[in-house]
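Numbering (the UniProt record's numbering), first residue to last: 1 to 298.
If you want it as structure tokens, here you go:
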């Protein structure tokens with residue numbers, strides 16, 4: 001566990017590759033999410049984020065410039081290189097990475113290197129962010145990447161905010177579907193225990209809880225569940241593949257205040273969904289590369 005982390009890192013955001021940002025914006029809007037303005041990275045990728053009241057967010061990730069993205073990957077940019085690799089191996093949409101909040105990404109990087117689990121050089125960059133009122137701010141980030149050669153389709157990293165995002169994002173954090181935050185991320189692998197140490201290192205959480213279908217690792221604000229294909233089917237009603245033994249991100253469980261509000265919104269927008277275990281499940285669709293589950297929290 002990171003010595004500088006008195007408690008586990010919080011889940012910061014989820015990276016969701018998409019074919020294009022416009023399609024993701026349309027799909028996420030249909031699901032009842034408020035989507036922030038498009039933002040461009042200085043290395044060829046772009047996003048249109050969905051921010052939550054619990055200070056986590058979704059990062060639908062598109063490629064604004066193939067030329068810039070490929071050039072940065074050749075120059076050692078881990079973020080763009082892994083995005084390209086994911087799209088080649090898994091397709092243009094999915095859940096490719098989890099970012100955890102950190103106060104010191106440099107120390108995280110040292111920890112990753114010391115554990116033989118670094119995915120490559122750190123990345124520091126800034127990008128403009130447009131707020132709902134039209135004002136613009138500069139967001140600055142420093143990233144440290146963890147990697148496991150047995151897990152080519154999952155990038156874990158920590159993010160330190162050099163210039164913090166505006167604290168008051170209330171307009172962006174209010175969603176018609178009632179989502180207030182992220183409860184759980186489901187990662188699927190036939191051998192969950194084999195990747196417990198990898199996830200624990202990135203989360204800075206030494207406690208690993210065994211479950212009936214794998215292991216759970218608690219970030220300070222959400223649960224990261226490594227589960228077998230059988231577990232994925234039991235909890236989320238989707239098939240997981242045993243063909244690839246590495247972990248893949250397969251589902252996001254969201255917290256909502258009133259499930260009836262969520263259901264009414266989805267029904268009104270013609271979104272296909274099912275109910276299971278007091279959850280609403282929405283299977284992947286163009287612009288939404290992973291299963292979305294909604295659960296009422298009180």
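In this text, a Cβ means the ideal position worked out from N, Cα and C, and glycines have one as well. Just so you know, these numbers come straight off a predicted model, no measurement behind them.
Residue i versus residue j - alpha carbon distance
i	j	result
residue 204	residue 297	26 Å
residue 217	residue 187	11 Å
residue 182	residue 14	10 Å
residue 189	residue 147	16 Å
residue 122	residue 251	27 Å
residue 199	residue 75	27 Å
residue 197	residue 268	43 Å
residue 219	residue 9	6 Å
residue 135	residue 58	21 Å
residue 212	residue 231	8 Å
residue 25	residue 170	19 Å
residue 236	residue 95	15 Å
residue 48	residue 175	15 Å
residue 260	residue 266	10 Å
residue 284	residue 276	16 Å
residue 234	residue 31	24 Å
residue 60	residue 106	26 Å
residue 33	residue 66	28 Å
residue 290	residue 29	16 Å
Classification of residue i by the beta-carbon crowding that lies within 10 angstroms, buried from 16 upward
i	result
residue 179	buried
residue 22	exposed
residue 108	buried
residue 141	buried
residue 300	Lying before the first or after the last residue shown, residue 300 is absent from the chain, which here runs from 1 to 298.
residue 88	exposed
residue 160	buried
residue 177	buried
residue 83	buried
residue 93	buried
residue 243	exposed
residue 288	buried
residue 149	exposed
residue 239	exposed
residue 271	buried
residue 274	exposed
residue 91	exposed
residue 102	buried
residue 278	exposed
residue 3	Model confidence at residue 3 stands at a pLDDT of 46, short of 50, so the residue's coordinates are unreliable; what they give is reported in the following sentence. Label assigned to residue 3: exposed.
Pick from the options that is closest to residue i, judged by C-alpha positions
i	options	result
residue 112	83, 129, 163 and 201	201
residue 229	221, 169, 219 and 247	247
residue 184	145, 254 and 153	254
residue 11	236, 223 and 235	223
residue 99	144, 285 and 114	144
residue 301	249, 50, 27 and 273	The question about residue 301 has no answer, for the chain in this structure spans 1 to 298.
residue 85	17, 55 and 36	17
residue 156	131, 258, 117 and 29	117
residue 124	115, 130 and 139	139
residue 299	50, 28 and 37	Because the chain here runs from 1 to 298, residue 299 falls outside it and cannot be looked at.
residue 158	151, 133, 110 and 131	110
Cβ-based neighbour list, residue i, same chain, cut-off 7 Å, excluding 5 preceding and 5 following
i	result
residue 52	173, 179, 180, 181 and 182
residue 64	40, 44, 45 and 46
residue 80	43, 44, 45, 69, 72 and 73
residue 311	This structure cannot settle anything about residue 311, because the visible part of the chain is limited to 1 through 298.
residue 7	220
Cβ pair residue i, residue j closer than 8 Å
i	j	result
residue 162	residue 192	no
residue 209	residue 256	no
residue 221	residue 54	yes
Residues near residue i in its chain [Cβ-Cβ closer than 8 Å; skip 5 each side]
i	result
residue 20	62
residue 120	76, 78, 81, 145 and 147
residue 292	31, 251, 252, 254, 281 and 282
residue 115	201
residue 56	10, 11, 12, 13, 14, 181, 182, 221 and 222
residue 258	178 and 296
residue 126	42, 138, 139, 140, 141, 162 and 163
Cβ neighbours of residue i in the same chain (closer than 6 Å, five flanking residues each side left out)
i	result
residue 97	15 and 155
Residue i at chain B interface by Cβ criterion, 8 Å
i	result
residue 98	Included in the structure is just one protein chain, with no chain B present.
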